[in-house]
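Asks: These protein sequence lines are chains A, B, C and D, in that order.
The first sequence begins at 1 in the working numbering and counts up by one.
The second sequence begins at 1001 in the working numbering and counts up by one.
The third sequence begins at 2001 in the working numbering and counts up by one.
The fourth sequence begins at 3001 in the working numbering and counts up by one.
So that we are looking at the same thing, I have put the structure below in structure tokens.
Protein chains: 4
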Amino acid sequence: MRWHLDAPIPEVARNLVVKGLELSLDCDFVFSALDSSVAGSAEEDFARAGYPVVSNSRNHRMDADVPLLIPEVNAAHLDAIPWQQKNRGYHTGFIVTNPNCSTAGLVLVLKPLVDAFGLEKIFVVTLQAISGAGYPGVAAMDIQGNVVPFISGEEDKMESEPQKLLGKWDGSRFVDAGIGLSAHCNRVPVVDGHLECVSVGLKKIASLDEVREALRNFEVDAELASLPSALRNPVVFLNEENRPQPRRDVHAGNGMAAVVGRVRECPLLDVKLTLLAHNLVRGAAGAALLNAELLAARGFLKHRVTPSESHLAEPVWR
Amino acid sequence: MRWHLDAPIPEVARNLVVKGLELSLDCDFVFSALDSSVAGSAEEDFARAGYPVVSNSRNHRMDADVPLLIPEVNAAHLDAIPWQQKNRGYHTGFIVTNPNCSTAGLVLVLKPLVDAFGLEKIFVVTLQAISGAGYPGVAAMDIQGNVVPFISGEEDKMESEPQKLLGKWDGSRFVDAGIGLSAHCNRVPVVDGHLECVSVGLKKIASLDEVREALRNFEVDAELASLPSALRNPVVFLNEENRPQPRRDVHAGNGMAAVVGRVRECPLLDVKLTLLAHNLVRGAAGAALLNAELLAARGFLKHRVTPSESHLAEPVWR
Amino acid sequence: MRWHLDAPIPEVARNLVVKGLELSLDCDFVFSALDSSVAGSAEEDFARAGYPVVSNSRNHRMDADVPLLIPEVNAAHLDAIPWQQKNRGYHTGFIVTNPNCSTAGLVLVLKPLVDAFGLEKIFVVTLQAISGAGYPGVAAMDIQGNVVPFISGEEDKMESEPQKLLGKWDGSRFVDAGIGLSAHCNRVPVVDGHLECVSVGLKKIASLDEVREALRNFEVDAELASLPSALRNPVVFLNEENRPQPRRDVHAGNGMAAVVGRVRECPLLDVKLTLLAHNLVRGAAGAALLNAELLAARGFLKHRVTPSESHLAEPVWR
Amino acid sequence: MRWHLDAPIPEVARNLVVKGLELSLDCDFVFSALDSSVAGSAEEDFARAGYPVVSNSRNHRMDADVPLLIPEVNAAHLDAIPWQQKNRGYHTGFIVTNPNCSTAGLVLVLKPLVDAFGLEKIFVVTLQAISGAGYPGVAAMDIQGNVVPFISGEEDKMESEPQKLLGKWDGSRFVDAGIGLSAHCNRVPVVDGHLECVSVGLKKIASLDEVREALRNFEVDAELASLPSALRNPVVFLNEENRPQPRRDVHAGNGMAAVVGRVRECPLLDVKLTLLAHNLVRGAAGAALLNAELLAARGFLKHRVTPSESHLAEPVWR
């Protein structure tokens, strides 16, 4: 095992055993950060075998019956789980996913604007950190003192995932939010933290001060606030004209905050703003962890039964 | 004198004498790259004293009677010079400016699209190099492994200058192009070369292939092509999905080309593209040089006379 | 006031008032991080006025009667304080300094080797972080993708300060350690953390394993270990063949550790090793803080009296 | 084929066909930049098949009968070729190698000092560019804003290759120079150009001015100077106190120069200096090219015969 984080490997992790994709793990649920080349079927196998699967992989994000979840944004999408289980013949297992790293911060910041004013159009250009590409990931020869204006598949994800996240579960399918959305994605020589330049068109006329207030006052409800990884104010609003900055602000809220600033008028749409989120925390591991915490709080992670025992068990979705 | 370019100082430059802003220079015209704190009045003084002023400073760019010039884009704006001289009481002197470093590349790439399809809307996000801030300019502590999403005054310039560059001189004033234009400006840890992510809305429906053809086939006329610093094809079109990149493409056309790639559909406007230009060459010194070359070719730099001699001279603008 | 640390300014600091160099401060002692252009006389003024001065500035470091202090290395040098007070006519005031940022880590790592084997020669090449030059400090244009093989005055400091730190106070002056010492200093594009490649010649023959053991087992005494900023093991020994690395290891021991690794044979001297220390913590603010903590623990910071009251007071040095 | 240089692929290269390691190439000699996992036997196969092999790979560099060649340093080592052919039973084929990228610049700069004063000891610490590790090579995650104080095998090469380069061919074997040599090797976030901090001990006492003169006046003979890739003055001496710098000086002499500066006293040995060489040109491709040019000029690349024809041919070495 090769350890890539700067802090030394914790004792509790050092002694963990790496196993293959065996369907006989002794655990209440599984996290999946599998490569997309194998995640598709592996996650289905685990769900079918009774394991709730909390996935960071992209394969099932856009499935019609799989919640793409940011607890602060669309916790109501968990209503799709019983339908998914019924639909796929899963018993206690199911799949829940979190969005792509650059989608996560964007949608979290836009959530209070959607709630307060409605959202018609989003123009977003990302400046994404190298850690988003994994390890070894980006070659130093490619990114040293450079920008690479292309990340494979990223613009597609950013133009589709927010539609689902900000859309609704109607009882049998997810209905898109119907927002006009255009994304340009770039890789920049920054270690951690995806910065995004965003212009938005609102449904309701709002002053810049009203927009700032909506962002500044965004607060989650008591249930969410009680989750171990949650922040009561997951959107951090900065007043400085030159913030957020990846190197300086990426650790806000232990990496679980989306940091927003530079709220100003947009001559083309309504409002320009700049946001930042930690791609490895809010955009990946932390997102999955928070999803699992919400699932646990709502009772979705109890009573795992293997298919062979399932005639004895009350399926969760009944 | 402190020399900042990588190549050693050329002999011809080593022996030049630095003088103050004296109005008795023995030369046919002057280049101005003065700091904006002094350029305003200094350039007027030189013009009034009979010197054509070819300026890279921002002070007079948006003046109603001063051409903001990119030869490949709006050479016809030179028609304003006689008016400016009459209006200001200049004799042989006048002021011509080149645009801001991030405007230059943008407008050069958009020119063939304006010609072929017309342009209604521009959304642009810049990733600008540190050399754009001069020396010492950006502190390493601010930009090392970081992005600064703010450059003082830059978004204003980018939202106003293209309107003038792509607009018309109507005989007594410049008429704006009337394009909807929104700019976000960022500083990135790149030495040279401003990268820009652009979405455009066209007046006329065009396929992506037609857009690519327009960009690829852009060619200047024989007069321009004959200028020493000019390129016959100042827009370089790249097919690779991950280009242009600042470190790799900044020297295209000796820094005088604007490099464009990633032409693809925009779900919000019509076309997305990514462009790059060398901020120190096409965006500054090279721009001023090319402007001077065009002025020389058109006879604007001859016959300088000082005001005291001007009763003997035929003013240029008659 | 402009705040440069990444974490927001703490409330306790936000309300501090910045005053001039007034000799009527209401405090038990002063920290000095003054620019060397003023530190020399200002620190003397404060000491004369009765204030113990805990300084990070370079001016008095090499004074014959001023301790240059690293608590883990030469706490015995505090014996020079009474002599300094007598010598200079200070009453309760005195000056104690900490070393240059690149000296601090070097000497801390060498201390266990001096104790165990004696030290004859040191060859050191530094790769120093940009934060070592303050703010704005190094221009991004100079260091982006580059190395600058020169830091004004740095090699001199590194070749003289360790002699004093590892030397002895003989009752009336500091006697140099008499080590042969050669330093090359470079600036590299790293935010925090000075890395140093060191070869040492030992007085006593030692195996590489003995050297590793000496480094690994270095531990401070109970008095030092009880200081708030102190580490019981201020030298952190890494086994990995490619560590320490500035970005990954700079925060070891909250920035107060010196991290060492790559202990291997030197064909020219005896042992090669690579070390790292946080230039802003162990090399500056943390060093001064630890010095003040030791002074406080030993009773040097009590009983400040102004000169006008001094006929009433028991001078510390009696 | 993936093209990694910044300038577009030249037409002449675009149409070259990539073949396997076939011993029936139609050419006078071969360049080898093979991976060391295959270079060993492949180069022997080609030499045995009659091809002169001009290699940049490390496998045969230290072979007792293979010249490790820098034309400006040890052209006389070509005398080993006939012996190599006889010894190995090669006919027209043979192997000649160039040194490791960090050795090349070091030895080139030391050559005039060896000639003028003799050399006893070398202490060298390298700060090596990322391009030295090939492509994809160093992961951006490892080197961004960081230094990696380890390059596999590099210190060994740097401590052995100069001994051979500066040693002598005695008719049947290479005799080492017998210099005491210690190397520390580091990777820094620089694209191209290996910087080296060097202290040297000379055999003969010399003033700093004499050392500077020796470096400044180093000039190759007429035969070498006439080679297409050669420089008459391959050592470029800089006076500025903060040069050479990789980003600013790497292209000196089209990458074929070694740039040296900061000549100053060393308290431990005699002289400190800092040098720089382009690792991809002087340290790799350019080195091999210059070797081939010298071989061609001396007639070593004519008359290639395949082994089956060799009874008809005059072997070169007779």
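Quick reminder that beta carbons are idealized off the backbone N, C-alpha and C, glycines included.
Considering only the alpha carbon of each residue, which of D:Lys3019, D:Ala3033, D:Gly3020 lies closest to Ser3280 (chain D)?
Replies: Position 280 of the fourth sequence, counting from 1, holds the residue named residue 3280 (chain D). Reading the sequence as shown, one finds Leu at residue 3280 (chain D) and not Ser. Out of D:Lys3019, D:Ala3033, D:Gly3020, D:Ala3033 has the C-alpha closest to the C-alpha of Leu3280 (chain D).
Asks: How would you label Pro228 (chain A), buried or exposed, when you count the other beta carbons within 10 angstroms and need 16 or more for buried?
Replies: Along the first sequence, one-based indexing puts residue 228 (chain A) at 228. Pro228 (chain A) should be labelled exposed.
Asks: Rounding to the nearest angstrom, what Cα-Cα distance links Asp2176 (chain C) and Leu3119 (chain D) in this structure?
Replies: One-based indexing of the third sequence puts residue 2176 (chain C) at position 176. One-based indexing of the fourth sequence puts residue 3119 (chain D) at position 119. Approximately 31 Å, taken between the alpha carbons.
Asks: Give me the subset of the region 2137-2152 of chain C whose CB atoms are less than 8 Å from a CB atom of chain A, sorted by chain position.
Replies: So the list reads Gln2144, Gly2145, given in the order they occur along the chain.
Asks: Any Cβ of chain D within less than 9 Å of the Cβ of Trp1317 (chain B)?
Replies: Position 317 of the second sequence, counted from the first residue, corresponds to residue 1317 (chain B). Because Trp1317 (chain B) carries a pLDDT of 28, less than 50, the predicted location of this residue cannot be relied on, and no value is offered for it.
Asks: Within the 9 Å Cβ cut-off, does Glu3314 (chain D) reach chain C?
Replies: Locating residue 3314 (chain D) in the fourth sequence gives position 314, counting from the first residue. Only weak support is given to the placement of Glu3314 (chain D): the predicted model assigns it a pLDDT of 35, under 50, and the question is left unresolved by the model.
Asks: If you pair each beta-carbon of the region 130-141 of chain A with each one of the region 1132-1144 of chain B, do three or more pairs fall below 8 Å?
Replies: The region 130-141 of chain A is not in contact with the region 1132-1144 of chain B.
Asks: For the beta strand (DSSP E) containing Arg3264 (chain D), list its first residue and its last residue.
Replies: One-based indexing of the fourth sequence puts residue 3264 (chain D) at position 264. That run of the beta strand (DSSP E) goes 3258-3265.
Asks: So Leu2269 (chain C) and Val2211 (chain C) are supposed to be a Cβ contact under 8 Å. How far apart are they, rounded?
Replies: Sequence index remark: in the third sequence, residue 2269 (chain C) carries index 269 (1-based). Sequence index remark: in the third sequence, residue 2211 (chain C) carries index 211 (1-based). At roughly 12 Å, the Cβ-Cβ gap does not stay under 8 Å, so Leu2269 (chain C) and Val2211 (chain C) are not in contact.
Asks: Pull up the CB-CB distance for Leu295 (chain A) and Pro112 (chain A), whole angstroms please, since I reckon it's below 8 Å.
Replies: Here the question's residue 295 (chain A) lines up with position 295 in the first sequence. Here the question's residue 112 (chain A) lines up with position 112 in the first sequence. Going by Cβ atoms, the distance from Leu295 (chain A) to Pro112 (chain A) rounds to 24 Å, so no, they are not a contact pair.
Asks: On a Cα-Cα basis, can you pick out the residue from C:Pro2067, C:Gln2163, C:Ser2102 that is closest to Gly2153 (chain C)?
Replies: What you label residue 2153 (chain C) is simply residue 153 of the third sequence in a count that begins at 1. Of the candidates C:Pro2067, C:Gln2163, C:Ser2102, the one whose C-alpha sits nearest the C-alpha of Gly2153 (chain C) is C:Ser2102.
Asks: Run down chain D in chain order and give the residues with a C-beta less than 9 Å from the C-beta of Thr2274 (chain C).
Replies: Residue 2274 (chain C) sits at position 274 when you count from the first residue of the third sequence. Going along chain D in sequence order, the residues near Thr2274 (chain C) (Cβ under 9 Å) are Pro3149, Phe3150, His3184, Asn3186.
Asks: Does the distance from the CB of Val1109 (chain B) to the CB of Leu1275 (chain B) come in under 9 Å?
Replies: Indexing the second sequence from 1 puts residue 1109 (chain B) at position 109. Indexing the second sequence from 1 puts residue 1275 (chain B) at position 275. Contact: yes.
Asks: For the beta strand (DSSP E) holding Val3147 (chain D), just list the boundary residues, first then last.
Replies: Numbered from 1 along the fourth sequence, position 147 holds the residue referred to as residue 3147 (chain D). No beta strand (DSSP E) holds Val3147 (chain D); DSSP gives it neither H nor E.
Asks: Could you check which residue in D:Val3054, D:Gly3255, D:Ala3214 has the C-alpha nearest to that of Gly3283 (chain D)?
Replies: Taking the fourth sequence and counting its residues from 1, the one referred to as residue 3283 (chain D) is at position 283. If we check each option's Cα against that of Gly3283 (chain D), D:Gly3255 comes out closest.
Asks: Could you pull out every residue in the same chain whose Cβ sits closer than 7 Å to the Cβ of Ile1009 (chain B), ignoring the five residues on either side in sequence?
Replies: Within the second sequence, residue 1009 (chain B) is the residue found at index 9, counting from 1. Cβ within range, chain order: Trp1003.
Asks: Run through chain D and tell me which residues come within less than 8 Å of Asp1006 (chain B), C-beta to C-beta.
Replies: Here the question's residue 1006 (chain B) lines up with position 6 in the second sequence. Neighbours of Asp1006 (chain B) on chain D, chain order: Arg3247, Arg3248, Asp3249, His3251.
Asks: In this structure, what does DSSP give as the bridge partners for Val3175 (chain D)?
Replies: Start at 1 with the first residue of the fourth sequence, and residue 3175 (chain D) comes out as number 175. Beta-bridge pairing links Val3175 (chain D) to D:Lys3168.
Asks: For my contact list, Gly3093 (chain D) and Gly3050 (chain D) are in at a C-beta cut-off of 8 Å; report their separation, rounded to the angstrom.
Replies: On the fourth sequence, residue 3093 (chain D) is found 93 positions in, with the first residue counted as 1. On the fourth sequence, residue 3050 (chain D) is found 50 positions in, with the first residue counted as 1. With a Cβ gap of about 5 Å, Gly3093 (chain D) and Gly3050 (chain D) count as contacting.
Asks: Going by beta carbon distance, what residues of the same chain come within less than 8 Å of Gln3163 (chain D), once the five residues before and after it are set aside?
Replies: Taking the fourth sequence and counting its residues from 1, the one referred to as residue 3163 (chain D) is at position 163. The residues are Asp3176, Ala3177, Gly3178, Ile3179, Leu3181.
Asks: Three or more beta-carbon pairs under 8 Å between the region 232-248 of chain A and the region 1141-1157 of chain B, yes or no?
Replies: With a cut-off of 8 Å, the region 1141-1157 of chain B and the region 232-248 of chain A count as touching, because enough Cβ pairs lie within range.
Asks: Would you call the region 2165-2174 of chain C and the region 2070-2078 of chain C in contact, with 3 or more CB pairs under 8 Å?
Replies: Segments in contact, yes.
Asks: Does any residue of chain D bring its CB to less than 9 Å from the CB of Val281 (chain A)?
Replies: Position 281 of the first sequence, counted from the start, is the residue given in the question as residue 281 (chain A). Not closer than 9 Å to any Cβ of chain D, the Cβ of Val281 (chain A) fails to qualify, so no.
Asks: Leaving out five residues on either side along the sequence, give the residues of the same chain with a beta carbon under 6 Å from the beta carbon of Gly3253 (chain D).
Replies: Along the fourth sequence, read from residue 1 onward, the residue named residue 3253 (chain D) stands at position 253. Correct list, in chain order: Leu3231.
Asks: If you drop the 5 nearest sequence neighbours on each side, which residues of the same chain put their C-beta closer than 6 Å to that of Lys1157 (chain B)?
Replies: Taking the first residue of the second sequence as position 1, residue 1157 (chain B) is located at position 157. Around Lys1157 (chain B): Asn1100.
Asks: Return helix, strand or coil for Lys1121 (chain B), following the three-state DSSP convention.
Replies: As a first step, residue 1121 (chain B) must be located in the second sequence, where it is residue number 121. Strand, per DSSP.
Asks: For Val1107 (chain B), which option in B:Pro1234, B:Arg1173, B:Arg1248 has the closest C-alpha, if you only look at C-alpha atoms?
Replies: Working through the second sequence from its first residue, we reach residue 1107 (chain B) at position 107. Among B:Pro1234, B:Arg1173, B:Arg1248, the Cα nearest to that of Val1107 (chain B) is on B:Pro1234.
Asks: What ranges does the beta strand (DSSP E) occupy inside the region 1062-1142 of chain B, keeping only unbroken runs of at least 3 residues that lie completely in it?
Replies: Entirely contained in the region 1062-1142 of chain B, the beta strand (DSSP E) runs reaching 3 residues are, in chain order, 1094-1097, 1119-1128.
Asks: Of all Cβ atoms in chain C, is any one closer than 9 Å to the Cβ of Lys3203 (chain D)?
Replies: Position 203 of the fourth sequence, counted from the first residue, corresponds to residue 3203 (chain D). For Lys3203 (chain D), the answer is no, since every Cβ of chain C falls outside 9 Å of its Cβ.
Asks: Just tell me which of C:Trp2083, C:Val2260, C:Ala2285 has its CA closest to the CA of Phe2218 (chain C).
Replies: As a working note, residue 2218 (chain C) is residue 218 in the third sequence. Nearest C-alpha to Phe2218 (chain C): C:Val2260.
Asks: Using the Cβ count rule (16 or more neighbours within 10 Å means buried), how would you classify Asp2115 (chain C)?
Replies: Your numbering for residue 2115 (chain C) matches position 115 in the third sequence. Classification of Asp2115 (chain C): exposed, given that the 10 Å Cβ count is below 16.
Asks: Whose C-alpha, out of A:Gln128, A:Asp63, A:Phe123, A:Gly105, is nearest the C-alpha of Val96 (chain A)?
Replies: In the first sequence, the residue the question calls residue 96 (chain A) occupies position 96. It is A:Asp63 whose Cα lies nearest to the Cα of Val96 (chain A).
Asks: Within 9 Å of any Cβ in chain D, is that where the Cβ of Ser2310 (chain C) sits?
Replies: Indexing the third sequence from 1 puts residue 2310 (chain C) at position 310. Any reading at Ser2310 (chain C) must be qualified, since the residue scores a pLDDT of 41, below 50, and its modelled position is unreliable; the value itself is stated next. So no, Ser2310 (chain C) is outside the interface.
Asks: Could you have a look at Phe3046 (chain D) and say whether DSSP puts it in helix, strand or coil?
Replies: Translated into positions along the fourth sequence, residue 3046 (chain D) becomes position 46. Three-state DSSP puts Phe3046 (chain D) in a helix.
Asks: Straight-line CA distance for Phe1174 (chain B) to Ser2036 (chain C)?
Replies: Within the second sequence, numbered from 1, the residue matching residue 1174 (chain B) stands at position 174. Within the third sequence, numbered from 1, the residue matching residue 2036 (chain C) stands at position 36. Taking the straight line from one Cα to the other gives about 55 Å.
Asks: Taking the continuous alpha helix (DSSP H) assigned at Val1012 (chain B), which residues delimit it?
Replies: Here residue 1012 (chain B) refers to the residue found at position 12 when the second sequence is read from its first residue. Looking at the DSSP string, the run of the alpha helix (DSSP H) that includes Val1012 (chain B) is 1011-1014.
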